[in-house]
Every structure is written in C-alpha cells, then in structure tokens.
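In terms of the working numbering, the sequence shown opens at residue 177 and continues consecutively.
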Amino acid sequence: MRRRNNILRDYLNKTTHYIVKHCLDHGIGKMVVGHNKGWKDRCDMGRKSNQRFV
Numbered sequence: 177m178r179r180r181n182n183i184l185r186d187y188l189n190k191t192t193h194y195i196v197k198h199c200l201d202h203g204i205g206k207m208v209v210g211h212n213k214g215w216k217d218r219c220d221m222g223r224k225s226n227q228r229f230v
C-alpha cells in the first residue's frame, strides 16, 4: 500500500508541477478547479447518443 501511495503522490506532484509551469510560461494568473455536479444529467442529444455519452 505504501508503494502505491508513493507512486500516486509522485504522479500528482509531477502533474501539478507541469500545470503550474505551463500557467507561468503562458502568463495565466488564475486557475479554477471545480466539480460540476450533475453535468451529464438530462442531456438532450437523442436516445442512442445520450446513452453513449452518459
């Protein structure tokens, strides 16, 4: 379990470093992170497309 946690922590740290470096290089000053609850609910794309999407 410790090895798995270390691998995940390393991956997240590297990913975060990449995102922050990208933002700094491109002059992005604000980053918004959130969770859109229910964003796939009630999609009106037709029956088959909706089933594949949701």
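The C-beta atom is built at its ideal place from N, Cα and C for all residues, glycine as well.
With distance defined between alpha-carbon atoms, name the residue in Arg185, Asn212, Ile195 nearest to Gly203. Ile195
Closest by CA to Met207, which one among Thr192, Asp217, Gly214? Thr192
Is Asp186 helix, strand or coil when you go by DSSP? Helix, per DSSP.
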